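To start, the structure under review is shown below, and the notes come after it.
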Amino acid sequence: MARGYLELHDPKDELGNDTLNQSTTSSDATLNMVSSSPGRDEGRRRIGGTLVSGNKKHHGDQQGVELDDLLRTNPDTGLSHEEAARRLSIFGKNEMVEIKPSQLKKFLSYFLGPIAYLIIVACIVSAIVKDWFNFSIILGLLFLNAIIGYVEEARAESAVDALRQTLALKSRCWREGHLHDLESSMLVPGDVIVLRLGDIVPADGRLLGIDASGAGTTGDFMVDQSSLTGESYLTSKKKGDEVYSSTVVKQGQQRAIVTKTGIKTYIGMAAHLIANTQDEGHFQKIINRIGNFLILFTLILVIAIIVFQFIAYRGTPRGEVLKILGPVLILAVAAIPIGLPTVLAVTMAVGARGLAAKQVIVKRLAAVEEMSSLSVLCSDKTGTLTLNELTFDEPYLCEGYGANELLLYAYLASEFGANDPIELAVRQAAETQVPILRNRAALNKVPGYEISSFTPFNPAVKHTLATVQDVSNGTTFKVAKGAPQVIINLVGGDEKAVRAYTVMAQRGLRALGVARTVAGSEDKWQLVGLAAMLDPPRPDSAETIERCERMGITVKMVTGDQTIIAKEVARRLGMGRVILPATQLTNANVNNELASQRAYRSDGFAEVTPEDKYNIVDLLQKRGLLVGMTGDGVNDAPALKKANVGIAVHGCTDAARSAADIVLLAPGLSTIIDGILSSRAIFQRMRSYALYRITSTVHFLIFFFVVILIYDWTLPAKLLILICILNDLATLVIAVDNAQISSQPDKWRVGQLIFLSCLLGFLLTGLSFGHFYYFMEVKGYFPWPDDSLDNVDRRLDSIMYLHISSAPHFLIFSTRLTGYFWESVPSWSFIAVIVGTQVVALLMVIFGWLTPEVPVGQALAVFAISFLACVVLDVIKVQVFKFWTRGAHSLSCAPCGPRRKMLQTRKRDKIKQERVMENTHTAAAIVIKTKVLLAIRDGGSKIPQTMYDVSWDRHADHVEF
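If you're matching positions, the sequence shown starts at 1056 in the working numbering and goes up one per residue.
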């Protein structure tokens, strides 16, 4: 507890229990990631494999040897250069080396999965039939997909590596009696380092109780351990206490002896234990399901065609059979969605670059898609929802004093130059709000007052004391500032102040008492008021949470702070007030079903440990929800790894950054909104392409299956491959298409996606077969020139090539929306590329490039019919979506399943809560009005003036006076 000022326990608790340190101990005690944790088992620790108890070691049969002897270090001179080099060779560098797969293994991972396997089979088939042109094109696309994914993720990793700042870059270290500035990576166990204000502790160590000069230290040594514990207040350290790598020195200066380095540190062990945990991502599961369907569909039809061909050509020589089967195998190759992984990878890569411009670094490309489907966002409180700094809130003021006077007297009783967070908050608030302090001549001078003596904070009396002279009238008085119950007792007690202090405690506010002596008296004290302090919400947090709720994302607060603090922050942010202590999930009498319901229905959790955070994410995921988790500390790393999308916020530790999928470079949650909106646009692009690609594959296979069986006809291999390549390469521009952003979390709903694709594919097949049959019978849409009648059959290849190329291409304008295709204008680049490829196809058949020449009228007729058919299919698509929407099962965004149940439950809870609050406020208003009337009747001496005249129960279900 910082200087003992900030009291949060019951004001009647005269023992002055340090609840903050108790909470820290409780939180750390359950951290199972490592063998020891901050604030726990200070008397038993392992150092380099040797067990140390207190300052004693137990190694073999040796007893009672000092830690300095164990590490063979003189705290005055430090290690010799030779000894440091020897230990460096034994213990290694002080680095947290992230365990990464080899670059070759990472690159080869892009060749795994159903679609990749099918493409590899297609390459083998092409090689068997000796179609080397087809072989090279397919192999090139396979490598293109792998290269895009590999390069983009490598680029994101490079951006993240550039942000690594957890370990201090330089450390002041004693070697051979001289103080050196060394690279932190060169520290070894036994080194003596100097820790000063603002330093990031470079390794785990133990304080020696002496400063840089070798003199003993008397002041407080304060450390910010929020990166480890998740709590926002400072921890006081003394000689013999351990300090941990990545924590920050906030006050004081001391020497420390390094006990653990690198992966053996607390933060290093935590990062190592989560490094190898990797589940199959949600997006990969979706792609595998789509790939499995296409593989199964393709294999069934191709095998059926092959069986039919073998039956039809019984007795044909083996070489002739292979020649006959060649076009069939080419058809199978052309039907494979070779470009599916490539288009999706490019879409996500383009989106990731756009997010990087908005200070959102994507480490794992699939996280771009998964963010669009988030239904729950678990957010850390300290530094994410709040500013992670103390500020003043509404004070309790005694009669005759104002807010500026309270700040002025607190300022007079402050220690100038001290870096204690309480002193800093007092000075900052006073210098901002009190007029006479804004233009003072010197930092340690107060215009109109002279401070003749000052007694700094003493843990025994729990307050500071200053003797001040008022220059204007020459009077002298004393000012005291400190723990509320101490200041209240100093003035002889004050019932209203005790009640106000109780209200502050119930609301999770830290209280600071201020009193002064009456002019002309040295022992008659008068209470000025109580200053309320808290770590305030960020200015944009409330708006961000509201926007998340409008976007269908439930924000749950998850914090290591105390429950009453979490409830107060939630109240100020407009979140639900159902904040539960984490013990309500882990008690022995809580079964899995009850824990799941509590995780599902609550608005947040307090007093959580890293294990609790992990379990909360797991419970929500088991209910079918896609969960995002934000965090910045080592304690957040396991949950970040477990979440569907782990988000490391601004200023995060190396362990959190390594575990996360996305890293935010700007403070607060507001950048997450940009990330979610961008990811939803990316999702719409990917969904529209998947719908188009499955539809075109179904159309392609069914049509050729029918015409091969009935007419024993197929397109030449070169045209089949050309259709495949042009279609997939052209649709790469879908990555930059305009997209409609869903107002709710997106869902793939693969079953509905496949159903709609098959419906559109079968209808398009009917059109193509009717087109083929009509042309075969009528020999063209218009009379051919007499000299061309003999070429009609040969020109059938050109006509069907143009139709099969154009119809799916026109269809992509429809699949990009759930509404009619004209409701949203595509991007100009999208239009240019799609139309451009069709112009190329049209010119090919008109001028006879690779195909027989076709009259312009015939070619334009094919185009017109393909376009009109796609308009009809677009109308059918819209009706299907409307049907699903009416049933609350929209393909794109309607909440369903667990998400819909959660929304309904939260709505009921919110209505109930609003009714309780309405009744509470009504009751308070009635009682206050009654009290005012009674006070007026009694002379008006007890009229309630502020919120501190009413004592609110911490659960907000009744009021007391």
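Every residue, glycine too, gets a C-beta built ideally from N, C-alpha and C. It should be emphasised that the depicted structure is a prediction, and the values quoted were computed from it without experimental measurement.
Contacting residues, own chain, Cβ-Cβ under 7 Å from residue i (five flanking each side not counted)
i, result
"Val1583", "Cys1453, Tyr1456, Glu1460, Leu1461, Tyr1464, Val1569, Ala1570 and Arg1571"
"Phe1338", "Ala1421, Glu1424 and Glu1425"
"Leu1545", "Ala1535, Ala1570 and Trp1580"
"Thr1510", "Thr1519 and Leu1520"
Under 7 Å between C-beta atoms of residue i and residue j
i, j, result
"Gly1683", "Leu1432", "yes"
"Val1303", "Ile1255", "yes"
"Ile1634", "Ala1621", "yes"
"Thr1750", "Gly1816", "yes"
"Gly1260", "Thr1132", "no"
"Ile1809", "Arg1602", "no"
"Arg1925", "Leu1857", "Note on residue identity: the sequence assigns Cys, not Arg, to residue 1925. No, Cβ-Cβ distance for Cys1925 and Leu1857 is not below 7 Å."
"Thr1599", "Ala1661", "no"
"Leu1341", "Trp1803", "Inspection of the sequence shows that residue 1341 is occupied by Ile rather than by Leu. In this structure, Trp1803 lies closer than 7 Å to Ile1341 by Cβ."
"Leu1640", "Ala1650", "yes"
"Ile1322", "Val1689", "yes"
"Val1927", "Tyr1875", "no"
"Val1718", "Ile1416", "yes"
"Leu1732", "Ile1796", "yes"
"Arg1562", "Glu1604", "no"
C-alpha gap between residue i and residue j, whole angstroms
i, j, result
"Ile1757", "Tyr1205", "35 Å"
"Ile1886", "Leu1410", "24 Å"
"Ile1145", "Asp1667", "36 Å"
"Tyr1556", "Pro1539", "7 Å"
"Asn1647", "Arg1554", "41 Å"
"Pro1514", "Arg1408", "54 Å"
"Arg1850", "Pro1910", "10 Å"
"Asp1236", "Gln1308", "16 Å"
"Asp1673", "Leu1250", "39 Å"
"Leu1252", "Gln1306", "5 Å"
"Asn1494", "Thr1437", "33 Å"
"Ala1790", "Ala1412", "16 Å"
"Leu1781", "Ser1226", "59 Å"
"Ala1574", "Ser1508", "17 Å"
"Leu1777", "Thr1786", "14 Å"
"Ala1258", "Leu1283", "14 Å"
"Ala1772", "Met1403", "32 Å"
"Ile1265", "Ile1248", "11 Å"
"Phe2073", "Tyr1766", "Because the chain in this structure spans residues 1056 to 2016, residue 2073 falls outside the shown range and cannot be described."
"Phe1365", "Leu1746", "34 Å"
Cut-off 6 Å between Cβ atoms - residues of its own chain near residue i, not counting five sequence neighbours on either side
i, result
"Ser1427", "Ser1734, Arg1735, Phe1738 and Asp1801"
"Val1894", "none"
"Asn1699", "His1337, Glu1425, Leu1681 and Val1682"
"Lys1148", "Ser1240"
"Gly1723", "Arg1593 and Asp1595"
"Ile1055", "This structure cannot speak to residue 1055, because the chain is shown only from 1056 to 2016."
"Ile1981", "Interpretation of Ile1981 is limited by its pLDDT of 44, a score under 50 that renders its predicted location unreliable; the figure taken from the coordinates is listed afterwards. Correct list: empty, nothing qualifies."
"Gly1686", "Asp1435, Leu1695 and Ala1711"
"His2013", "The predicted position of His2013 is uncertain, since its pLDDT is 31 and thus under 50; no value can be drawn from it."
"Lys1150", "A quick correction: the sequence has Glu, not Lys, at residue 1150. Correct list, in chain order: Ser1240 and Gly1317."
"Gln1676", "Val1682"
Cβ shell of residue i (< 8 Å), same chain only, five flanking positions each side left out
i, result
"Phe1824", "Phe1758, Val1761 and Val1762"
"Gly1503", "Ile1491, Asp1525, Val1526 and Ser1527"
"Leu1194", "Cys1178"
"Asn1793", "Ser1879, Val1880, Pro1881, Ser1882 and Phe1885"
Identified DSSP bridge partners for residue i
i, result
"Ala2017", "The displayed coordinates of the chain run from 1056 to 2016. Any statement about residue 2017 would go beyond what the structure contains."
"Cys1433", "Lys1611 and Met1684"
"Tyr1451", "Leu1585"
"Asp1525", "Tyr1504"
"Arg1482", "Looking at the DSSP assignment, Arg1482 forms no beta bridge with any residue, so it has no partner."
Proximity test, Cβ basis, 7 Å: residue i and chain D
i, result
"Phe1760", "Given the protein chain composition of this structure (a single chain), no chain D is represented."
Closer than 6 Å: residue i CB and nearest the ligand HEM heavy atom
i, result
"Tyr1368", "Absence of the ligand HEM is noted for the structure shown, with no ligands found whatsoever."
Unbroken beta strand (DSSP E) runs of length 3 or more, entirely within the segment 1217–1279: which are they?
-> List check, beta strand (DSSP E) in window: 1225–1230, 1233–1238, 1247–1250, 1259–1262 and 1276–1279.
Ordered list of alpha helix (DSSP H) runs contained in the segment 1544–1591, each at least 4 residues = Listed in chain order, they are 1550–1561.
Scan the segment 1488–1518 and note each continuous beta strand (DSSP E) run of 3 residues or more that stays entirely inside, going in chain order.
-> Fully enclosed beta strand (DSSP E) runs of no fewer than 3 residues occupy 1504–1510 of the segment 1488–1518, in order along the chain.
Any beta strand (DSSP E) of 3 or more consecutive residues that is wholly inside the segment 1713–1752 | Within the segment 1713–1752, complete beta strand (DSSP E) segments of at least 3 residues are found at 1717–1719, given in chain order.
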